[in-house]
Amino acid sequence: MTQTFEKYFVPEPSKYPIFGSIALLLFGSGAAMWLNGVKVGPWLFFLGIAVLVFMLFGWFGQVVRESEGGNYGRKVDRSFRWSMGWFIFSEVMFFAAFFGALFYARVLSVPWLATGDTMELLWQGFAGGWPTAGPDKPDPFTPMSAWGIPAINTLILLSSGATLTWAHHGLRHDRRGQLKLGLLVTILLGILFLGLQIYEYRHAYAELNLRLDTGIYGSTFYLLTGFHGMHVTVGAIMLTVMLGRAIAGHFRPDDHFGFEAAAWYWHFVDVVWLLLFLVVYLL
Numbered sequence: 027m028t029q030t031f032e033k034y035f036v037p038e039p040s041k042y043p044i045f046g047s048i049a050l051l052l053f054g055s056g057a058a059m060w061l062n063g064v065k066v067g068p069w070l071f072f073l074g075i076a077v078l079v080f081m082l083f084g085w086f087g088q089v090v091r092e093s094e095g096g097n098y099g100r101k102v103d104r105s106f107r108w109s110m111g112w113f114i115f116s117e118v119m120f121f122a123a124f125f126g127a128l129f130y131a132r133v134l135s136v137p138w139l140a141t142g143d144t145m146e147l148l149w150q151g152f153a154g155g156w157p158t159a160g161p162d163k164p165d166p167f168t169p170m171s172a173w174g175i176p177a178i179n180t181l182i183l184l185s186s187g188a189t190l191t192w193a194h195h196g197l198r199h200d201r202r203g204q205l206k207l208g209l210l211v212t213i214l215l216g217i218l219f220l221g222l223q224i225y226e227y228r229h230a231y232a233e234l235n236l237r238l239d240t241g242i243y244g245s246t247f248y249l250l251t252g253f254h255g256m257h258v259t260v261g262a263i264m265l266t267v268m269l270g271r272a273i274a275g276h277f278r279p280d281d282h283f284g285f286e287a288a289a290w291y292w293h294f295v296d297v298v299w300l301l302l303f304l305v306v307y308l309l
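Numbers 27 to 309, taken from my numbering, label the letters of the sequence shown in order.
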């Protein structure tokens, strides 16, 4: 009985990891110098970003060419799926750390500061409760309401998840027009979300006196929503690349993990926002 073994594609050694290392070195050192007032800092920072973009275009372009050339079989596809799964898991733990910090502050730290000897000896008159900037007599601020822009943004992201699923459905049934239109609408909804979030930040700073340095409430609010906004930006870039590839004729109904990976990431961003809306804005 003969048995056929699928070959596992092993690419040639790549030059791009060294470019990635150089980019991170320039990016990190430039940011540190910029924050400390060194004139060359901004130049190194943006040079690092440029090198990183060059590395991403070159390396990902090589992977796309290998994929479209038919070099990847089921084993490579499986390794890609595991890799993307672990990457999203790392992102889950990233946000779990910030949600954990918010939980610790709201449920444990703030009530403890407002009770017993701690309140009597250190922070007399501190009532605790949430939202609060903390016991150190900060400037008054107005917490962000859940209704208005946050609720609209929730509807926008939920709608974007539906349009992306519609695009995926079109791809699986080889309806290219539906694929492209669904991707385009999803990207536009993501951009609209980011625009409204920028407006929300301007409103918070100018009218609510809610800043990044507004105690524990301000720091947790901006860290959670800001990092989520950064992930929406990355997801929109990924989907834009998928749209470009779809226009170029890439992806087949039975072989399109590049699209699926971007869709996984976008749905993850949607779920994180639902949790953010619940625990940061609503509760």
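Ideal Cβ placement from N, Cα and C applies to all residues, glycine included.
Residue range 202–233 is occupied by the alpha helix (DSSP H) that includes Y227. Between the C-alpha atoms of F285 and L50 there is a straight-line separation of about 27 Å. In the structure shown, D281 adopts extended strand secondary structure according to DSSP, grouped into three states.
Between N179 and F219, the C-beta gap is smaller than 7 Å, which places the two residues in contact. Judged by beta-carbon spacing, A188 lies beyond the 7 Å limit of G208, meaning their Cβ atoms are not closer than that value.
Assignment of E38 by DSSP, reduced to helix, strand and coil, places it in the coil class. Under the three-state reduction of DSSP output, K101 falls in the helix class. In the structure shown, P176 adopts helical secondary structure according to DSSP, grouped into three states.
Taking 7 Å as the cut-off, the Cβ atoms of G56 and G67 count as close.
Inter-residue distance for S40 and V267 is about 22 Å (C-alpha atoms, whole angstroms). A Cβ-Cβ contact shorter than 7 Å links Y248 with L238.
A residue is called buried when at least 16 other Cβ atoms come within 10 angstroms of its Cβ; D296 meets this threshold and is buried. Annotated three-state conformation of S171 is coil, per DSSP.
Secondary structure of L148 (DSSP, three-state): coil. In this structure, the CA atom of N97 is about 35 Å from the CA atom of H254.
Contact check for W292 against G261 passes: the beta carbons are separated by less than 7 Å.
DSSP places R237 in the coil class of the three-state scheme, outside both helix and strand.
At least 7 Å separates the beta-carbon of F72 from that of W60. With a cutoff of 7 Å on beta-carbon distance, F277 and L197 are scored as near each other.
Judged by their CB atoms, S186 and T212 are nearer to each other than the 7 Å cut-off. CA-to-CA, the gap between V64 and V79 works out to about 24 Å. G87: member of the alpha helix (DSSP H) spanning 67–94, first to last residue. Taking C-beta separations shorter than 6 Å and ignoring five residues to either side along the sequence, the partners of F106 in its chain run F283, following chain order. In this chain, V306 is not harboured by any alpha helix (DSSP H), its DSSP state being neither H nor E. Annotation: the continuous alpha helix (DSSP H) that includes L139 extends over 136–139.
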